[in-house]
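First comes the structure, then the notes that go with it.
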Amino acid sequence: MMLSIKNLHASIGGKEILKGINLEIKAGEVHAIMGPNGSGKSTLSSVLAGREDYEVTEGSVIFNGKNLLELSPEDRAREGLFLAFQYPIEIPGVSNVNFLKTAINEIRAYKGLEPMEAKDFLARLKEKQKLVELDGKLANRSVNEGFSGGEKKRNEIFQMAMLDPCLSILDETDSGLDIDALRIVAGGVNKLKSKDNATIVITHYQRLLDYIVPDVVHVLFNGKIVKTGSKELALELEEKGYDFIKEEIGA
Amino acid sequence: METVTKQNTIKDKLIAEFDYSKNSFFGDLTLRSRAMESFAKQGIPSRKSEEYKYVNLGLILKGEFAFSSQHKISREQLVDTHILKNAIVIAIENGVLNLSNSELTNLPKGLQIIDITVASSNEIFQTHFSKYSDVDADPFVALNTALTNGGVFIHIAKGAIIEIPIHIIHISSVSENTIINPRNLIVVDGNANVTIIESFRNIDSKAKTFNNALTEIVIGENSIVDHYKIQDEKEFGFLLNTTHVNQNTKSVFTTETFTLSGSFVRNNLAIVLAGEHIESNLNGLYLTNENQVVDNHTLVDHRKPNCNSNELYKGIIEDKSSATFNGKIYVRKDAQKTNAFQSNKNILLSDDGTINTKPQLEIYADDVKCSHGTSTGKLDEEKVFYLRARGISEISAKKMLMHAFASEVVDTIKIVELRDFVEEKISKRFE
């Protein structure tokens with residue numbers, strides 16, 4: 009098992025948001041987590057990535073045999089966890105290239121590896137840029153500075169490609185994307201898919217799942233996973249809306 | 029029988045020093061006497077003085093001080109402070125020009141460099157010396173004018189393009205507390221182009237140097253002057269650095285002040301835009317830590333129409349250090365169509381650090397565009413988290429963000445070698 013979440017409770021400012029999440033993900037799988045606004049989707053991704061604003065009050069998260077909750081955000085990334093942010097941050101003055109070089113080499117140092125050779129880094133940069141059709145000029149600019157919404161999301165997937173994580177969490181990656189950008193982003197994610205890695209796609213809408221086809225769909229509601237099914241569940245949700253879930257669980 | 033004598037104040041000692049040394053001074057004794065009178069009237073400003081309220085000069089200037097130092101600086105020590113491979117180096121050691129440590133052979137055509145102690149007979153010198161620094165406006169201008177015993181006069185002739193940067197190295201090394209008053213005059217005639225770097229270093233000292241350094245710069249029509257100050261004086265350096273600039277029509281002046289260390293640094297920078305279609309750029313970066321006090325006072329005086337000024341000062345404040353930014357902009361009645369912009373941004377890294385920021389705009393013309401802005405905050409935690417979420421340690425993330433913050437100023441340095449030098453200093457600082 010790559011990721012095993014058991015009875016995870018988390019709160020922010022004393023308010024409980026996650027109320028007992030259970031989830032298991034194996035290598036090679038794509039899981040979609042769907043849910044209405046306020047159900048706890050983004051809280052789950054933040055807690056997994058190690059955002060310090062949230063307090064985990066109960067439960068456990070085991071990632072590749074390690075207690076994820078004890079690790080700093082950087083060590084989680086170094087262990088192979090990647091969060092594609094819903095709202096990627098602009099960092100003027102830090103170039104994309106320098107940022108990625110530092111990230112890759114710190115991850116390598118953690119694994120006891122030498123820094124990546126400059127020419128290998130450049131080759132990788134070029135190859136992965138193509139994957140998400142990211143303009144080379146954007147890679148040389150400051151991180152996300154002046155990028156359009158679509159470019160920011162493509163840059164997230166570009167970073168994911170560069171860092172080659174084993175578990176990627178895509179947090180509302182489809183929000184604010186037009187159909188072309190959505191196709192490029194999803195195409196990138198699909199090309200990066202392998203039997204050794206796994207993906208969690210967090211989304212409000214079914215649309216993205218036409219492009220990134222999930223093996224399992226979970227419905228998150230009021231801090232709990234209330235329903236799990238195949239990809240057809242996403243279509244059903246799209247058709248009937250979240251109200252049908254509320255009726256089913258008697259909320 | 030024991031007698032108790034009242035300890036003389038630093039002001040009394042400075043006045044006594046003047047009377048004692050006045051017959052051995054170079055230059056115009058009438059001017060010096062007038063300056064000393066003015067100093068005696070003004071005295072050392074206390075914290076009640078509006079202009080010096082955030083610096084405790086009384087404390088800094090407490091105790092005994094010498095007024096010159098015989099301490100020698102070796103060739104190696106001087107060479108150690110070189111920044112550029114290729115520069116016209118002027119060595120000002122403990123406030124006095126040392127020709128033998130300077131690199132003044134094969135000066136390009138149109139460039140004249142003269143020891144200020146023998147410049148008095150030069151007509152151009154006479155025309156400009158002490159014309160831009162008003163002894164009655166500031167006690168340290170008065171003090172410098174009265175007591176200076178060294179410095180340099182630089183003249184760039186009409187139409188001269190000086191491609192090699194001129195590097196004035198202010199280096200001090202003393203064995204007892206010393207006040208020095210180096211004085212420079214830079215006259216750039218019309219249609220000329222020059223880059224001047226002034227660096228400030230204190231080495232090998234166990235006593236304070238209070239360096240009351242003053243540079244006057246006058247820029248002729250259509251001339252372009254780039255001016256950089258690298259202030260890196262370490263713990264025994266106390267620097268009061270005055271720069272007075274007078275710009276004429278269609279000239280472009282850019283000045284960048286990098287304050288990297290020093291127990292105390294006060295910059296008084298004033299630029300008079302005396303003609304039309306002038307551009308003035310003022311950038312500054314100060315990185316303060318421990319108990320350091322850094323105070324930047326700037327004045328941009330728009331006197332004529334159709335001029336632009338841009339000012340950007342940024343600071344990172346750590347530990348118990350304190351930084352002050354006071355930026356005045358005057359737009360006089362005649363200065364219509366002025367564009368004047370000012371910005372001061374700070375990052376406060378500790379709970380004990382202090383930043384005082386005060387923009388002061390006085391606008392007497394009605395058709396102008398002026399703006400000022402100031403911000404002070406901590407490092408953005410969202411940015412730190414974003415970098416950490418990619419596997420970058422918290423320390424590296426913070427370093428990257430501080431570099432990024434500083435880069436807005438550092439990137440404006442036009443000489444690559446100098447930019448690399450400053451970058452490296454910043455990197456070392458955040459290690």
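Quick mapping for you: the protein sequence lines, in order, are chains A and B. Residue numbering for the first sequence is 9 to 259, as defined by the working numbering. Residue numbering for the second sequence is 29 to 459, as defined by the working numbering. Note that the Cβ used here is the ideal one computed from N, Cα and C, for glycine as well. Source: prediction; values computed, not measured.
query: Cα-Cα separation between Y95 (chain A) and I423 (chain B), rounded to whole angstroms; result: 23 Å
query: Cutoff 8 Å: I253 (chain A) Cβ touching any chain B Cβ; result: no
query: Sequence-distant residues of its chain with Cβ nearer than 6 Å to V32 (chain B) (five each side left out); result: With a pLDDT of 48 at V32 (chain B), under the threshold of 50, the modelled position of that residue is not reliable, and the figure given next carries that caveat. Same-chain partners within the cutoff: there are none.
query: Short-range partners of chain A found in the stretch 418 to 441 of chain B, where Cβ spacing is below 9 Å; result: R418, G419, I420, S421, E422, S424, A425, M428, L429, H431, A432, F433, A434, S435, E436, D439
query: Rounded separation between E114 (chain A) and E122 (chain A) - CA only; result: 10 Å
query: Q370 (chain B) in three-state terms, based on DSSP; result: strand
query: Reduced DSSP category for R360 (chain B) - H, G, I as helix; E, B as strand; rest coil; result: coil
query: Proximal chain A residues relative to E410 (chain B), where beta-carbon distance stays under 8 Å; result: I97
query: Among A:S238, A:V69, A:M9, A:I41, the one whose alpha carbon lies nearest that of I177 (chain A); result: A:I41
query: Partner residues on chain A for F286 (chain B), Cβ-Cβ distance less than 9 Å; result: Residues of chain A passing the Cβ test: none, with the nearest at roughly 16 Å.
query: Contact check, K332 (chain B) vs A363 (chain B), beta carbons under 8 Å; result: yes
query: Option nearest R241 (chain B) by Cα separation, candidates B:S161, B:I252, B:I441, B:V222; result: Correcting the residue type first, residue 241 (chain B) is Ala in the shown sequence and not Arg. The shortest C-alpha separation from A241 (chain B) is found at B:S161.
query: Residue-chain proximity (R86 (chain A), chain B), Cβ-Cβ < 8 Å; result: yes
query: Alpha-carbon spacing of N212 (chain B) relative to L297 (chain B), whole angstroms; result: 14 Å
query: Interface flag, Q94 (chain A) vs chain B, CB-CB below 8 Å; result: no
query: N15 (chain A), buried or exposed, once every other Cβ within 10 Å from all chains shown has been counted against 16; result: exposed
query: Closest Cα partner of K203 (chain A) within the set A:D186, A:G43, A:N148, A:L175; result: A:L175
query: Every unbroken alpha helix (DSSP H) inside the stretch 148 to 201 of chain B [4 residues or more]; result: 151 to 156, 167 to 175
query: Distance CB(R162 (chain A))-CB(V140 (chain A)) smaller than 8 Å; result: yes
query: Span separating the alpha-carbon of E244 (chain A) from that of L190 (chain A); result: 21 Å
query: E409 (chain B) burial status per 10 Å Cβ neighbour count (16 or more: buried); result: exposed
query: Close Cβ partners of E66 (chain A) (< 7 Å) along its chain, the five nearest in sequence each way excluded; result: N15, H17
query: Residue span of the beta strand (DSSP E) that contains L242 (chain B), given as start and end; result: 237 to 247
query: Secondary structure of P81 (chain A), DSSP reduced to three states; result: helix
query: CB contact flag (I190 (chain B), P136 (chain B), <8 Å); result: yes
query: Span of the alpha helix (DSSP H) around E24 (chain A); result: No alpha helix (DSSP H) contains E24 (chain A), which is instead part of the beta strand (DSSP E) from 23 to 33.
query: Within chain B, the residues that Q137 (chain A) reaches when beta carbons sit closer than 9 Å; result: Simply none; closest approach about 17 Å.
query: Neighbouring residues, chain A, relative to F458 (chain B) (Cβ below 7 Å); result: None at all; the shortest Cβ gap to chain A is about 14 Å.
query: Supposed close pair F353 (chain B), N324 (chain B) - CB separation, criterion 8 Å; result: 5 Å
query: Minimum Cβ-Cβ distance from L133 (chain A) to chain B less than 8 Å; result: no
query: Span of the alpha helix (DSSP H), counted from its first residue to its last, around K135 (chain A); result: Checking the sequence, you will find Glu at residue 135 (chain A) rather than Lys. Segment 126 to 139, the alpha helix (DSSP H) holding E135 (chain A).
query: For N311 (chain B), the three-state DSSP class (helix, strand or coil); result: strand
query: Boundaries of the beta strand (DSSP E) in which N384 (chain B) is found, first to last residue; result: 382 to 391
query: Contact with chain B by I165 (chain A), beta-carbon distance below 8 Å; result: no
query: Pair within 8 Å by beta-carbon distance, G343 (chain B) and P387 (chain B); result: no
query: Exposure label - S349 (chain B); buried when at least 16 CB within 10 Å; result: buried
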